[in-house]
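>
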Amino acid sequence: MNPIEKMKAAAKEGWSTFAPFESFTGSAAPHLVRFAGINKGDRVLDVGCGTGVLTLTVARAGGL
């Protein structure tokens with residue numbers, strides 16, 4: 069297996085462990101944004117926490 073194939077295999081394995089987490093955060097994300105009090109124009113820092121579903125929800129709500 070060459071280095072690219074190894075990287076792809078590791079990524080595939082890693083994402084399979086995120087699937088259950090993403091299904092939870094996807095439905096909870098809008099509620100978490102409201103609970104956090106994030107408003108249009110607010111600056112929010114995502115420090116590599118998970119799948120990015122919450123970050124996309126913040127962006128759609130107008131956060132930067």
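Each residue of the sequence shown is one higher than the one before, starting from 69 at the first, in our numbering. Built from N, CA and C at the ideal position, the CB exists for glycine as well. Treat the numbers as computed from the prediction; the structure is a model and nothing was measured.
1. Does the Cβ of Ala97 have 16 or more other Cβ atoms within 10 Å, making it buried, or fewer, making it exposed?
2. Do you know offhand how far Pro88's Cα is from Glu81's?
3. Quick one, which of Thr119, Ala129, Gly118 has its alpha-carbon nearest Gly107's?
4. What number of angstroms, rounded off, separates the C-alpha of Ala78 from the C-alpha of Arg111?
5. In three-state DSSP terms, what is Ala129?
This is what the structure holds:
1. Counting from 1 along the sequence shown, the entry for residue 97 is found at position 29. So Ala97 counts as buried.
2. Taking the first residue of the sequence shown as 1, we reach residue 88 at position 20. Taking the first residue of the sequence shown as 1, we reach residue 81 at position 13. C-alpha of Pro88 to C-alpha of Glu81: approximately 13 Å in a straight line.
3. For the purposes of this step, residue 107 is taken as residue 39 along the sequence shown, with counting starting at 1. For the sequence presented, residue 107 should be read as Asn rather than Gly. Ranked by how close their Cα comes to the Cα of Asn107, the residues Thr119, Ala129, Gly118 have Ala129 in first place.
4. Looking up residue 78 in the sequence shown gives position 10. Looking up residue 111 in the sequence shown gives position 43. Near 33 Å, if we compare the C-alpha coordinates of Arg111 and Ala78.
5. Within the sequence shown, the letter at position 61 stands for residue 129. Residue state, collapsed to three classes: coil.
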